[in-house]
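Read through the structure below, which is laid out as structure tokens, and then see the notes.
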Amino acid sequence: MYLPGMAWIILPYQWNYNIAFLDINFRPWRLLMIIYATPSLISAILVYILPESPKYLLCQGENEEVLRILQKMYRTNTGKDKTQFPVGALTSDESVEGLKHEKNESMLRSMWKQTVPLFRKGYILKTAMVSYLHFAIFLSTSAVIMWYPQILNSMSEYGNIVPVNEVTMCKAILFDGKDYENQIPDNSLGSDITRSIASETCVDTSNEEVFLVSLIIGCVYVVAYTFIGTFINTFGPRRLLIAFMTFTTLSGILAQHLSGHIYVEVALGVFLVAATGVGIVNAIVVELYPTQIRGMALAVSLCIGRFGAMTGSNIGGPLMLQLCDYMFYVFSAIHLLVVIIVLLLPKKKPDVPKIDTEDVEKTSPNNNTESDSVQK
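full-length UniProt numbering numbers the first residue of the sequence shown as 1 and each following residue consecutively.
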């Protein structure tokens with residue numbers, strides 16, 4: 001909701017300031033990009049200020065540091081002196097022990113030790129499966145959401161030329177206002193009609209209705225996440241993900257065949273709700289992996305998912321231009337494979353032995369006899 005809300009406030013303005021030493025024109029969209037980046041900058045500063053996770057430090061055996069952080073939290077939350085904290089000492093529990101990070105250990109070796117267990121027998125297939133789930137959901141939704149405001153803008157402009165009930169998504173995407181200039185003698189198109197994705201003219205103004213619809217989509221996301229959080233334990237993450245992917249995929253196919261830009265906007269908006277399936281996949285990952293490698297499993301699968309987002313953002317435009325009539329059938333095939341993989345996932349956590357950290361070290365590419373003797 002933050003993104004379309006700020007865009008609605010800033011983008012309608014038409015001011016233009018030339019910054020000579022940068023040789024650029026400072027337009028509203030540049031200010032919008034700065035405002036979009038500000039929360040990330042603030043978050044980075046806050047993460048730097050905040051202490052490390054006590055659970056992580058406990059896994060590393062740094063019990064004294066954990067106690068110091070807990071005492072500080074106690075003082076901040078209660079206002080009492082840290083000496084009144086009721087816990088005097090901590091002991092490590094086997095259930096929270098994980099892959100320990102040795103002091104003076106190289107970053108690459110540390111990453112290797114934490115990642116390699118995910119690609120061993122008993123985990124490699126599951127890692128590949130959940131990685132595809134993230135990749136597929138990020139790819140399909142990013143391909144559409146990247147161009148969603150432009151699609152809405154194109155349909156709005158196209159609706160000024162043809163009857164509203166004749167507006168379809170692909171016709172709006174592929175039209176170019178230049179094709180109509182010689183057909184309408186009263187020049188009612190205006191000078192900035194070439195706003196479709198296929199148009200060769202770049203215009204940085206938008207119909208304000210686009211922001212309203214995007215804001216509504218943000219509200220729908222909030223409702224969807226609330227629904228998932230409330231009912232995920234009732235229905236189970238697998239059933240819920242299958243239901244979400246089936247419903248949103250059918251909505252996407254419907255959007256491709258509907259006429260009337262209002263109906264298309266609603267159907268596309270419902271399709272984008274598939275993005276909330278990422279949260280459901282995260283819950284599935286938690287079920288599949290034990291505590292000691294669960295965090296890394298999430299990190300790896302989400303990282304691959306982000307590659308899917310990058311891929312979808314880059315192929316979305318060309319896909320709409322070259323295969324618009326078949327675009328959502330491509331996404332349907334991708335989502336069908338998601339459903340099949342979910343059905344093939346194991347129902348319970350795998351019964352495998354505890355990860356042996358010493359065994360992981362032996363497979364490290366940076367490991368050598370000399371370092372082993374030093375550690376011993």
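Note that beta-carbon positions come from the ideal geometry of N, C-alpha and C, so glycine has one too.
It should be emphasised that the depicted structure is a prediction, and the values quoted were computed from it without experimental measurement.
Residue pairing by DSSP places Phe26 opposite Tyr17 in a beta bridge. Per DSSP, Ser142 is one residue of the alpha helix (DSSP H) stretching across Ile124 to Ile145. Ranked by Cα distance from Gly308, the options Gly61, Ser259, Ile137 and Leu152 are led by Ile137.
With contact defined as three or more Cβ pairs closer than 8 angstroms, the region 246 to 258 and the region 116 to 133 are not in contact.
Taken through DSSP and simplified to helix, strand or coil, Lys171 comes out as helix. Distance from the CA atom of Val338 to the CA atom of Thr311, rounded to whole angstroms, is 17 angstroms.
Here Gly269 is buried. Its C-beta has 16 or more other C-beta atoms within 10 Å.
Within the model, the alpha-carbon separation for Arg306 versus Tyr132 is close to 11 angstroms.
A Cβ-Cβ distance of about 15 angstroms is found for the pair Lys126 and Leu241, leaving them out of contact under the 8 angstroms criterion. When only Cα atoms are considered, Pro12 and Ile253 end up about 32 angstroms apart. For a cut-off of 8 angstroms, the C-beta gap from Val273 to Val220 is around 6 angstroms, short enough to register as a contact. Classified as exposed, Leu46 has fewer than 16 neighbouring CB atoms from the shown chains inside 10 Å of its CB. In the DSSP annotation of this structure, the continuous segment of the alpha helix (DSSP H) that includes Met245 starts and ends at Pro237 to His257. Taking a cut-off of 8 angstroms on C-beta distances, the region 158 to 167 does not touch the region 325 to 336, as fewer than three cross pairs fall below it.
In the structure shown, Gly229 adopts helical secondary structure according to DSSP, grouped into three states. Residues of the same chain with a CB within less than 6 angstroms of the CB of Leu57, apart from the 5 flanking positions on each side, are Glu65 and Val66 in chain order.
Residues of the same chain with a CB within less than 6 angstroms of the CB of Val278, apart from the 5 flanking positions on each side, are Ile137 in chain order.
A straight line joining the alpha-carbon of Ile228 with that of Ala44 spans about 28 angstroms. For Glu64, the three-state secondary structure derived from DSSP is helix. Spatial neighbours of Met320 in its own chain (CB-CB distance under 7 angstroms, excluding positions within 5 residues in sequence) are listed in chain order as Trp147, Ile173, Ile197 and Met327. Judged by DSSP in its simplified three-state form, Ile161 adopts coil rather than helix or strand. A check of alpha carbon separations from Asn63 across Thr226, Ser259, Ile284 and Leu90 identifies Leu90 as the nearest. Bounds of any alpha helix (DSSP H) do not take in Tyr326, whose DSSP letter is neither H nor E. Leu152 is positioned such that its CB atom lies no closer than 9 angstroms to that of Trp8. Taking the C-beta atoms as reference points, Ser140 is found nearer than 9 angstroms to Ile334. Going by DSSP, Lys55 is part of the alpha helix (DSSP H) stretching over Pro54 to Cys59. Residues Ala143 of the same chain have their beta carbon placed closer than 7 angstroms to that of Ile315, with the five preceding and five following residues left out of the count.
Looking only at Ile217, Pro346 and Ala297, the smallest Cα-Cα distance to Met111 is reached by Ala297.
Comparing C-alpha distances from Val342 to each of Cys170, His134 and Thr115 shows the shortest one belongs to His134. With distances taken between CA atoms, Thr38 lies nearest to Tyr2 out of Ser259, Ser301, Tyr2 and Asn25. In the structure shown, Lys347 adopts coil according to DSSP, grouped into three states. Membership of Leu3 in the alpha helix (DSSP H) is indicated by the continuous run Tyr2 to Ile10. Closest by C-alpha distance to Leu302, out of Ile293, Val281 and Gln292, is Val281. A direct Cα-to-Cα measurement between Pro86 and Pro237 gives close to 39 angstroms.
Taking a C-beta distance under 9 angstroms as the contact criterion, Pro51 and Lys72 qualify as a contact pair.
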